[in-house]
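Below: one structure, written as structure tokens.
Residue numbers (the numbering used here), protein chains in the order written: chain D, 7 to 482; chain G, 384 to 708.
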């Protein structure tokens with residue numbers, strides 16, 4: 007059985023356009039994965055705060071706009087993101103998203119875990135019994151709150167959506183769990199609880215009618231019930247027992263469905279994407295995830311690395327930028343007559359010949375820009391003279407010079423380059439541990455996503471093979 | 384100063400880091416603090432660069448001025464066995480209960496019980512006294528679950544009230560709530576100057592207030608240094624490219640003429656400034672949103688070298704200087 011990933015990945019080294027790609031990581035090519043009719047489920051997982059839900063939504067939109075009929079199942083989306091897809095209502099059914107371009111369709115839904123649980127009960131028990139279960143205090147807490155309910159119900163919902171077979175592709179976001187792996191573990195845990203020994207102990211007294219039935223149990227078991235009673239309080243124990251008795255006939259179904267969903271996740275039509283940001287903790291979690299998915303035999307397509315920074319000036323190192331900034335900020339030390347003359351004599355320096363101004367691409371004739379520049383130059387000259395004459399006399403409110411701005415731009419760049427190398431180191435550590443994992447890098451955005459256009463932009467960034475650099479600045 | 388300091392925040396905002404820095408800051412000058420972890424992630428051990436923490440209070444750092452930071456990773460299963468032993472002398476039944484799946488049930492499946500055990504252990508540490516009647520820990524700092532779950536986590540009383548109306552779980556929940564809703568506790572929220580974490584902070588505070596849990600401070604983490612101020616950003620919009628090129632050239636970065644090394648730097652540098660300007664405006668908006676909450680807001684700098692032990696001490700010093708202790 008072939009996994010989706012080998013077909014969709016290739017070596018970065020073979021990419022002639024991107025010679026600067028810094029390490030020979032395998033590149034995760036997402037479009038073929040999204041386009042492949044055999045891909046039926048994409049699961050986005052990763053630790054909190056790495057843009058998992060946004061990634062799921064962006065992938066869903068992209069797949070839809072490339073012609074597929076897609077449903078995105080989100081668990082707990084930020085309000086704005088939900089609004090961007092037009093799903094503010096938590097009604098537990100997929101709604102078609104408007105404004106999608108092309109022939110495909112995008113549907114989106116937000117998981118309502120209690121509703122999902124209620125629906126299971128209603129579908130599998132006769133009305134009277136269903137009412138008894140839904141009214142049970144223990145059930146009410148379990149369905150609304152327990153640590154694994156959300157995970158279990160997410161998987162349950164995924165199973166339901168897949169069984170309907172209405173969609174070409176289901177994109178699932180995973181719950182923001184204590185551990186990013188809870189969604190794999192919770193169904194099993196609930197399953198093992200539901201047909202474990204404990205249930206039988208709890209069921210026994212209720213079934214055979216309390217005390218009279220105790221003789222059928224061994225002493226150890228009755229001691230257990232006693233201990234549980236002490237721990238939980240008699241009334242809670244009774245609620246649990248009533249609940250368990252009412253649910254009895256449904257347990258098999260829970261277990262079967264949990265197993266079926268688990269197998270679905272292992273099937274070749276499923277692709278897991280581990281989402282991370284280039285930060286130590288997020289990538290450590292990602293590495294753990296990759297290992298765990300392998301252990302569980304779950305098909306991993308690759309790593310989506312969000313919020314990666316780039317620079318259009320990456321040939322200028324942090325150190326050189328900083329040195330140059332310091333140079334500009336301390337004209338009195340560096341800008342001595344000799345040095346200045348030297349710079350002016352340099353043939354490659356602006357101002358060394360009268361023609362250089364006209365070579366510069368900027369100003370049209372008589373444009374305000376020219377005036378600006380002259381004014382700025384004047385200011386500079388005045389300052390320099392003042393500095394040379396009497397260093398202390400610079401007026402406190404002298405208009406900021408271009409040099410000062412340039413120094414700030416260089417400092418900004420120096421910080422960007424430091425960030426770049428830190429992200430690179432963090433990523434390299436991950437790649438060294440898991441060279442087999444293909445990576446898609448997504449360039450950082452300055453703000454959050456509010457609409458479909460924003461999601462589309464992320465989709466483009468996801469599919470591009472390296473972070474896009476910021477747009478060239480508009481000419482001043 | 385509340386003796387139980389609960390630190391929450393959206394995932395990815397660095398709440399573990401802030402909790403650890405706060406524990407260090409509070410321990411300064413001979414105090415003793417306990418830093419507790421409740422989610423089994425071993426984030427504290429990673430931060431302090433030690434091996435995984437056992438279910439045992441263990442000294443992990445010395446604060447300036449001779450203070451001590453202890454750490455504890457609360458394991459709900461062991462806390463439950465502890466609890467059974469302490470109150471019912473039922474420690475021996477633990478293994479049998481475990482075999483039956485009852486421990487697993489109580490700590491992972493039964494709603495609310497897990498949280499009662501976790502918060503209960505922290506509250507026990509807050510109230511614990513030594514033989515001379517002094518508190519064993521001056522402060523307990525909890526690295527709590529994220530903002531989205533914090534109210535439900537702390538509001539164990541509501542959570543189990545409908546469930547366990549009488550009995551030991553009920554009593555335990557009541558005792559825990561007395562501590563959590565009192566002035567002995569403060570819940571701090573960590574955020575970033577970004578839209579989603581700020582929105583989550585606003586929502587989280589509304590929830591905490593709704594449950595009458597004591598909200599403490601807002602801590603904005605990883606604040607980027609201000610490299611360009613408002614005047615710079617104004618100038619960025621009007622500055623002629625050629626002037627920047629000339630300036631770069633005079634700093635020794637190559638030719639200012641078209642195609643020269645300095646000239647080719649102008650566009651990417653200005654693009655980075657535009658990006659900065661956009662983020663700067665967003666950050667200002669988010670600051671305004673946080674200010675409206677009427678809570679003390681503190682900012683911690685983004686550490687350019689990334690987070691390490693030295694950085695942790697730096698953040699602790701920053702917290703002290705800002706009067707958090």
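Beta carbons are placed, not taken as given, at the ideal position from N, Cα and C, and that holds for glycine. Remember, it's a predicted structure, so these values are computed and weren't measured experimentally.
Per DSSP, the unbroken beta strand (DSSP E) holding residue 176/D starts and ends at 175–179.
With a threshold of 16 other beta carbon atoms within 10 Å, residue 643/G meets it and is buried. Taking a contact to require three or more Cβ pairs closer than 8 Å, the stretch 105–113 of chain D and the stretch 66–73 of chain D qualify as touching.
Counting along the chain, the unbroken beta strand (DSSP E) around residue 388/G starts and ends at 387–392. Taking a 10 Å sphere around the C-beta of residue 612/G, we find fewer than 16 other C-beta atoms and assign the residue as exposed. In this structure, the CA atom of residue 448/G is about 22 Å from the CA atom of residue 427/G. Close partners of residue 333/D in chain G (Cβ separation under 7 Å): 634 and 635. DSSP places residue 604/G within a strand segment (E or B) once states are collapsed to three. Interface annotation, residue 55/D: in contact with chain G, CB-CB separation under 9 Å. Per DSSP, the unbroken beta strand (DSSP E) holding residue 278/D starts and ends at 276–282. With a 10 Å radius around the Cβ and a threshold of 16 neighbouring Cβ atoms, residue 441/G comes out exposed. For the pair residue 141/D and residue 159/D, the Cα-to-Cα distance works out to about 19 Å. Contact holds between the stretch 674–683 of chain G and the stretch 598–613 of chain G, because three or more Cβ pairs, one in each stretch, are under 8 Å apart. For residue 684/G, the enclosing beta strand (DSSP E) covers residues 680–684.
In this chain, the alpha helix (DSSP H) harbouring residue 553/G covers 551–563. DSSP places residue 674/G outside any beta strand (DSSP E); the residue lies instead in the alpha helix (DSSP H), whose first and last residues are 644–674.
For residue 93/D, same chain residues with a beta-carbon under 7 Å away, outside a window of 5 residues either side, are 101, 114, 115 and 116 in chain order. Beyond the five residues adjoining it in sequence on each side, residue 139/D comes within less than 8 Å, by CB distance, of 127, 131, 145, 249, 252 and 253 in the same chain, given in chain order. Rounded to whole angstroms, residue 686/G and residue 516/G show a C-alpha spacing of 41 Å. In the assembly as shown, residue 161/D is a buried residue. Its beta-carbon has 16 or more other beta-carbons within 10 Å. When the alpha-carbon of residue 624/G is set against those of 404/G, 615/G and 639/G, the nearest one is in 639/G. For residue 317/D, the C-beta contacts it makes with chain G under 8 Å involve 651 and 655, in order along the chain.
The shortest C-alpha to C-alpha distance from residue 298/D to any of 32/D, 280/D, 310/D and 284/D is the one to 280/D. Spatial neighbours of residue 296/D in its own chain (CB-CB distance under 8 Å, excluding positions within 5 residues in sequence) are listed in chain order as 280, 306, 309, 440 and 443. The Cβ atoms of residue 410/G and residue 698/G lie no closer than 9 Å to each other.
Nearest in C-alpha terms to residue 316/D, of all of 658/G, 693/G and 689/G, is 658/G. Put simply, the CB of residue 546/G is near chain D, with a gap under 9 Å to one of its CB atoms. Residues of chain G whose Cβ lies closer than 8 Å to the Cβ of residue 336/D do not exist; the shortest such Cβ separation is about 11 Å. Not a single CB atom of chain G sits nearer than 9 Å to the CB of residue 162/D.
Proximity of chain G to residue 122/D at the Cβ level (cut-off 7 Å) is not reached, the minimal Cβ distance being about 16 Å. When the Cα atoms are used, residue 560/G and residue 417/D turn out to be separated by approximately 50 Å.
Rounded to whole angstroms, the separation of the alpha carbons of residue 282/D and residue 289/D is 6 Å. Contact annotation for residue 396/G against chain D: 55 [CB-CB distance below 8 Å, chain order]. The Cβ-Cβ distance between residue 408/G and residue 390/G does not fall below 9 Å. Against chain D, the CB of residue 689/G has a partner CB under 9 Å away; the residue lies at that interface. For residue 525/G, the three-state secondary structure derived from DSSP is strand.
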